[in-house]
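Peer 1: Take this structure, written in structure tokens, and hold onto it; I'll ask about it next.
Protein chains: 4
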Amino acid sequence: MPRPSRWNEIVDAAAKLFQEKGYASTSLEDIAGAVGIWKGSLYHYIDSKEELLFAVVREPAAHILDQIREIATLDLPAAEKIRRVAHAHAHTLDETFVYASVYLQEIAGRHHSAEWSAMDREYLSTIVRIVEKGVADGDFAPYVDPRIATLTLIGSLNWMTHWYRPEGALPATAIAEQICTVFLQGAVRRSTS
Amino acid sequence: MPRPSRWNEIVDAAAKLFQEKGYASTSLEDIAGAVGIWKGSLYHYIDSKEELLFAVVREPAAHILDQIREIATLDLPAAEKIRRVAHAHAHTLDETFVYASVYLQEIAGRHHSAEWSAMDREYLSTIVRIVEKGVADGDFAPYVDPRIATLTLIGSLNWMTHWYRPEGALPATAIAEQICTVFLQGAVRRSTS
Amino acid sequence: MPRPSRWNEIVDAAAKLFQEKGYASTSLEDIAGAVGIWKGSLYHYIDSKEELLFAVVREPAAHILDQIREIATLDLPAAEKIRRVAHAHAHTLDETFVYASVYLQEIAGRHHSAEWSAMDREYLSTIVRIVEKGVADGDFAPYVDPRIATLTLIGSLNWMTHWYRPEGALPATAIAEQICTVFLQGAVRRSTS
Amino acid sequence: MPRPSRWNEIVDAAAKLFQEKGYASTSLEDIAGAVGIWKGSLYHYIDSKEELLFAVVREPAAHILDQIREIATLDLPAAEKIRRVAHAHAHTLDETFVYASVYLQEIAGRHHSAEWSAMDREYLSTIVRIVEKGVADGDFAPYVDPRIATLTLIGSLNWMTHWYRPEGALPATAIAEQICTVFLQGAVRRSTS
DNA sequence: AATGAATGAGCCTTCATTCAT
DNA sequence: GATGAATGAAGGCTCATTCAT
Chain A
1 MPRPSRWNEI VDAAAKLFQE KGYASTSLED IAGAVGIWKG SLYHYIDSKE
51 ELLFAVVREP AAHILDQIRE IATLDLPAAE KIRRVAHAHA HTLDETFVYA
101 SVYLQEIAGR HHSAEWSAMD REYLSTIVRI VEKGVADGDF APYVDPRIAT
151 LTLIGSLNWM THWYRPEGAL PATAIAEQIC TVFLQGAVRR STS
Chain B
1 MPRPSRWNEI VDAAAKLFQE KGYASTSLED IAGAVGIWKG SLYHYIDSKE
51 ELLFAVVREP AAHILDQIRE IATLDLPAAE KIRRVAHAHA HTLDETFVYA
101 SVYLQEIAGR HHSAEWSAMD REYLSTIVRI VEKGVADGDF APYVDPRIAT
151 LTLIGSLNWM THWYRPEGAL PATAIAEQIC TVFLQGAVRR STS
Chain C
1 MPRPSRWNEI VDAAAKLFQE KGYASTSLED IAGAVGIWKG SLYHYIDSKE
51 ELLFAVVREP AAHILDQIRE IATLDLPAAE KIRRVAHAHA HTLDETFVYA
101 SVYLQEIAGR HHSAEWSAMD REYLSTIVRI VEKGVADGDF APYVDPRIAT
151 LTLIGSLNWM THWYRPEGAL PATAIAEQIC TVFLQGAVRR STS
Chain D
1 MPRPSRWNEI VDAAAKLFQE KGYASTSLED IAGAVGIWKG SLYHYIDSKE
51 ELLFAVVREP AAHILDQIRE IATLDLPAAE KIRRVAHAHA HTLDETFVYA
101 SVYLQEIAGR HHSAEWSAMD REYLSTIVRI VEKGVADGDF APYVDPRIAT
151 LTLIGSLNWM THWYRPEGAL PATAIAEQIC TVFLQGAVRR STS
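Sequence order for the protein chains is A, B, C and D. Residues in the first sequence are numbered consecutively from 1, following our numbering. Residues in the second sequence are numbered consecutively from 1, following our numbering. Residues in the third sequence are numbered consecutively from 1, following our numbering. Residues in the fourth sequence are numbered consecutively from 1, following our numbering.
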């Protein structure tokens, strides 16, 4: 029975190390060592170190974008869509924590290829449109600036990579709920609620 | 009276390059070249590359922590304190944009010395206490979890390094106002307002 | 009867690549790729990369040496022998252009095994003897130094690998004729001819 | 008293090794070892290995081209110009033997930059024009094809790198004289001379 | 203060070769 | 015969750091 190829082991090890030490500070020798092969052997699987970064990051990035795309098409009030966005985002973060962290540290905001910029842009603009509709429909307050508000929400969620731990006691769902509740209802107590 | 030297030029150049390319990918030769001296000459100013990173980052970090400390001591309602926190944070980000970005990319959430961890922890806990008091006083809604809410706010603000540009048309003040308004009042339109 | 295998394909591909990129800069993966097999599979045909170089080069080298040996035994005037040598040399170069180019680039003048040195030496000395006899018989001018003159001729012919193209308009025969005519008659116009 | 920089030592060592083992088979470690420094230290002097190749080769190539250019402008019979070309070529080969050998092995006939192709082309065409004029003036025989004859001469001279040794008993001048005499007068004895 | 040559370790990558399947 | 994963050495190159001048 043939042992399965070690591609998955390699991507996992790379993801973990990229997250811990950063892409630039992780050597291929580190990765190879974690898998238990020689660094030259990595080149059976990849053509360059950067390819490994992209391999780590592509799937979760595509996954979350898909989810947001789908939520946008549903026929729901803006607030409910935002709630679902927050939960999908937090859920993906939870399930692909290491991979997603690498994305946010190494790809987002760095000058990378058109592929990633386009992904970032679509992700943002899809949510912006939800917020815009919320304002237009009167569901959201008139003081809401759709773009800034969206970046506020995304920032809250992405910052989770700095403090959330998947194996911790606090579930991602609860966090998502808190983040979107504060985003939607505000921290200040509403007189009539 | 200390003779002015090229120390400031060096720190500025380092900050800019660290932000653009990341700490690990910036070489001392890059920095020396930006200042117009030779690589070896840098060692008249520093003892190691890491020292340069800390030099870049120390002042703005200390500055913002000071501000938050002071705000915490004021006798104001929680909502007003949060508003001031957001403005102080955004203002520091605006004024020390490159330096602060380096801090967030290279120090925050990385395993650095006790000095930085302590700073991060104090910053967070100071704001958490403001929120806690807000909840206790009934100013903030009972569903607010002080720690998560604080991290939500900080995340929103820190994410600015991914999209805010100091020289841009949108002033940091307006952004701070939007972020804390959404944080405090929520995006959803309040029936009785 | 030996089953035809891909041996010839492999040697052809190797020859072409050795000529284009040089022996040292051609990888076995390049060669395997050109044939359409995997790198490891090459080792069913060869034991080492160098063996492939020798395989490329052995046949044409042996062929031209055989021809020169035979010409030397004929009972002809020196000038006619030289003419035949030039034609044989140019003809072999034309027919085995890629292989012969590899020989001249990678074997001739390099420190290779006794086998190749002996071949080179015999080739040279066989022609030198023809010239010597030409001088001794009074067919060739007394100022002719047999060894230098022979190296002059061989150099002219071998330099063809730098500019001759088998598929070009100018046939190798015409070139051989020009080279040996200049060698024998000289470029300067003879008063009484 | 400051020790002079080791640039010359480095180029010399590189030239020697490139000639002996070929450019591709010579490692920077070989070169550094020959000079007595570490391989990383080479990068104070060069930006890439190829730059070292060009440094080895540029001066003698430019020198010989200059000489041929000058000879072409003189008011002399074609045969005398050719004689001077042969002597200049052989003399440069003699004085810069290792460098020139590297040029012929590694640059000539390889797919290099426009700079080298242009040099090769100008060198050839300058001599071709001398021969053309010789034919037109009736100094050279009508059977002389200027381009092929020129390549014949150049080939003879360049082949010297395969057998000439500067420290040997046979001086380059004598060889040049023999090569151009055979080229001009032919090996065959002239009845009326 | 500044230089610039040198260090020495380490990095990404290539590659001839081996071998179990 | 062929595969493809793995090896292990080496190659070109980078870089933080040192130090004599």
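No residue lacks a Cβ here, since even glycine has one placed at the ideal position from N, Cα and C.
Only counting the same chain, and skipping five residues up and downstream in sequence, which positions put a Cβ closer than 7 Å to that of F18(B)?
Peer 2: To locate residue 18(B), count along the second sequence from 1; it is residue 18. The answer, listed in chain order, is T26, L53, V56, V102, E106.
Peer 1: Using a Cβ cut-off of 8 Å, which residues of the stretch 124–147 of chain B contact any Cβ in chain A, in chain order?
Peer 2: Listed by position along the chain: V131, G134, G138, D139, F140, A141, P142, Y143, V144, D145.
Peer 1: Looking only at DSSP bridge pairs, what is V188(B) linked to?
Peer 2: The count along the second sequence starts at 1 and reaches residue 188(B) at position 188. F140(A), per the DSSP bridge assignment.
Peer 1: Using a Cβ cut-off of 8 Å (strictly closer), state whether F97(C) contacts chain D.
Peer 2: Taking the first residue of the third sequence as position 1, residue 97(C) is located at position 97. No - not a single Cβ of chain D is within 8 Å of the one on F97(C).
Peer 1: If we require 4 or more residues per run, which alpha helix (DSSP H) segments fall completely within the stretch 143–180 of chain C?
Peer 2: If we require 4 residues or more, the alpha helix (DSSP H) runs fully inside the stretch 143–180 of chain C come out as 146–158.
Peer 1: Put Q19(B) into one of helix, strand or coil per three-state DSSP.
Peer 2: Position 19 of the second sequence holds residue 19(B). The answer is helix: DSSP assigns Q19(B) an H, G or I state.
Peer 1: Closer than 8 Å, CB to CB, is Q67(D) near chain C or not?
Peer 2: Locating residue 67(D) in the fourth sequence gives position 67, where the first residue counts as 1. Not one chain C Cβ lies under 8 Å of Q67(D).
Peer 1: So A86(B) and A176(B) are in contact, right, with Cβ under 8 Å, and what is the actual spacing, rounded?
Peer 2: Taking the second sequence and counting its residues from 1, the one referred to as residue 86(B) is at position 86. Taking the second sequence and counting its residues from 1, the one referred to as residue 176(B) is at position 176. Correct: roughly 5 Å between the Cβ atoms.
Peer 1: Counting beta carbon pairs with one atom in the stretch 155–173 of chain C and one in the stretch 86–99 of chain C, are three or more of them shorter than 8 Å?
Peer 2: These segments touch.
Peer 1: Under 7 Å between beta-carbons, which chain B residues line up against R189(A)? List them in chain order, please.
Peer 2: Taking the first sequence and counting its residues from 1, the one referred to as residue 189(A) is at position 189. G138, D139, F140, A141, listed in chain order.
Peer 1: Please report the straight-line C-alpha distance between F140(D) and R129(D), rounded to a whole angstrom.
Peer 2: Taking the first residue of the fourth sequence as position 1, residue 140(D) is located at position 140. Taking the first residue of the fourth sequence as position 1, residue 129(D) is located at position 129. Whole-angstrom Cα-Cα distance: 13 Å.
Peer 1: Spatial neighbours of P2(A) within its chain, please: C-beta separation below 7 Å, excluding the five flanking residues on both sides.
Peer 2: By one-based count along the first sequence, residue 2(A) stands at place 2. Legend: pLDDT at P2(A) = 42, less than 50; position of this residue unreliable, value from coordinates given subsequently. Answer for P2(A): no residue qualifies.
Peer 1: Under 8 Å between C-beta atoms, does A15(D) make it to chain C?
Peer 2: Working through the fourth sequence from its first residue, we reach residue 15(D) at position 15. Answer no: the Cβ-Cβ gap between A15(D) and chain C never drops below 8 Å.
Peer 1: Let me know the secondary structure DSSP gives P77(B) once reduced to three states.
Peer 2: Walking along the second sequence from the start, residue 77(B) turns up at place 77. Three-state DSSP puts P77(B) in coil, outside helix and strand.
Peer 1: Quick one, which of T73(D), D47(D), S156(D), E167(D) has its alpha-carbon nearest V98(D)'s?
Peer 2: By one-based count along the fourth sequence, residue 98(D) stands at place 98. Considering only alpha carbons, the answer is E167(D).
Peer 1: Determine the DSSP secondary structure at I37(D), reduced to helix, strand or coil.
Peer 2: Within the fourth sequence, residue 37(D) is the residue found at index 37, counting from 1. In the structure shown, I37(D) sits in coil (DSSP, three-state: anything other than H, G, I, E or B).
Peer 1: If you draw a straight line from the C-alpha of M119(D) to the C-alpha of I127(D), how long is it?
Peer 2: Against the fourth sequence, residue 119(D) aligns to sequence position 119. Against the fourth sequence, residue 127(D) aligns to sequence position 127. M119(D) and I127(D): Cα-Cα distance of roughly 13 Å.
Peer 1: What's the C-alpha gap between S156(D) and K81(D)?
Peer 2: Here residue 156(D) corresponds to residue number 156 of the fourth sequence, with the count starting at 1. Here residue 81(D) corresponds to residue number 81 of the fourth sequence, with the count starting at 1. Taking the straight line joining both Cα atoms gives about 17 Å.
Peer 1: Tell me the rounded alpha-carbon separation between P77(C) and R165(D).
Peer 2: Working through the third sequence from its first residue, we reach residue 77(C) at position 77. Working through the fourth sequence from its first residue, we reach residue 165(D) at position 165. Their backbone Cα atoms lie some 33 Å apart in a straight line.
Peer 1: Looking at the secondary structure, which residues open and close the alpha helix (DSSP H) in which S101(B) lies?
Peer 2: One-based indexing of the second sequence puts residue 101(B) at position 101. That run of the alpha helix (DSSP H) goes 97–102.
Peer 1: Give a yes or no on whether the minimum CB-CB distance between R3(A) and chain B is below 8 Å.
Peer 2: Residue mapping note: residue 3(A) aligns to position 3 of the first sequence, counting from 1. Only weak support is given to the placement of R3(A): the predicted model assigns it a pLDDT of 47, under 50, and the value that follows is read from those uncertain coordinates. No, R3(A) does not count as interfacial toward chain B.
Peer 1: From the DSSP output, in three-state form, read off R129(B) for me.
Peer 2: Here residue 129(B) is taken as the residue at index 129 of the second sequence, counted from 1. Residue state, collapsed to three classes: helix.
Peer 1: Apart from the five residues on each side of it in sequence, which residues of its chain come closer than 6 Å, Cβ to Cβ, to L124(A)?
Peer 2: The residue you call residue 124(A) lines up with position 124 of the first sequence. Contacts found: none.
Peer 1: Rounding to the nearest angstrom, what Cα-Cα distance links L74(D) and K133(D) in this structure?
Peer 2: What you label residue 74(D) is simply residue 74 of the fourth sequence in a count that begins at 1. What you label residue 133(D) is simply residue 133 of the fourth sequence in a count that begins at 1. So the alpha carbons of these two residues sit roughly 13 Å apart.
Peer 1: Helix, strand or coil, according to DSSP, for R83(A) in the structure here?
Peer 2: Within the first sequence, the letter at position 83 stands for residue 83(A). In this structure, R83(A) counts as helix in the three-state DSSP scheme.
Peer 1: Please name the residue in D12(C), R6(C), G22(C), A90(C) whose C-alpha comes closest to that of R110(D).
Peer 2: Translated into positions along the fourth sequence, residue 110(D) becomes position 110. Comparing Cα positions, the closest option is G22(C).
Peer 1: When the Cα atoms are used, what is the spatial distance from S193(B) to A72(A)?
Peer 2: Translated into positions along the second sequence, residue 193(B) becomes position 193. Translated into positions along the first sequence, residue 72(A) becomes position 72. Any reading at S193(B) must be qualified, since the residue scores a pLDDT of 48, below 50, and its modelled position is unreliable; no value is offered.
Peer 1: L186(D): buried (16+ other C-beta within 10 angstroms of its C-beta) or exposed?
Peer 2: As a first step, residue 186(D) is located in the fourth sequence; it is residue number 186 there, counting from the start. Sequence inspection shows Gly at residue 186(D); the Leu mentioned does not correspond to that position. G186(D) should be labelled buried.
Peer 1: For A15(A), which residues from the same chain have a beta carbon less than 7 Å from its beta carbon, with the 5 sequence-adjacent residues on both sides left out?
Peer 2: Counting from 1 along the first sequence, the entry for residue 15(A) is found at position 15. So the qualifying residues of the chain are V56, V98, Y99, V102.
Peer 1: By the criterion of Cβ-Cβ separation under 9 Å, what are the contact partners of Q178(B) in chain A?
Peer 2: Start at 1 with the first residue of the second sequence, and residue 178(B) comes out as number 178. Correct list: Y143, V144, D145, I148, A149, T152.
Peer 1: Give the single residue among R84(A), A136(A), S191(A) whose Cα lies nearest to the Cα of L153(A).
Peer 2: Numbered from 1 along the first sequence, position 153 holds the residue referred to as residue 153(A). Answer by Cα proximity: R84(A).
Peer 1: Throw me the rounded Cβ distance for the A90(C) and A24(C) pair, which I believe falls under 8 Å.
Peer 2: Position 90 of the third sequence holds residue 90(C). Position 24 of the third sequence holds residue 24(C). About 28 Å separates the two Cβ atoms, so there is no contact after all.
Peer 1: Under three-state DSSP, which class holds A48(B)?
Peer 2: Here residue 48(B) refers to the residue found at position 48 of the second sequence. Just to set this straight, residue 48(B) is Ser in the shown sequence, not Ala. Here S48(B) sits in coil by DSSP.
Peer 1: Do Q67(C) and A88(C) have their CB atoms nearer than 8 Å?
Peer 2: By 1-based counting over the third sequence, the position of residue 67(C) is 67. By 1-based counting over the third sequence, the position of residue 88(C) is 88. Yes, they are a contact pair.
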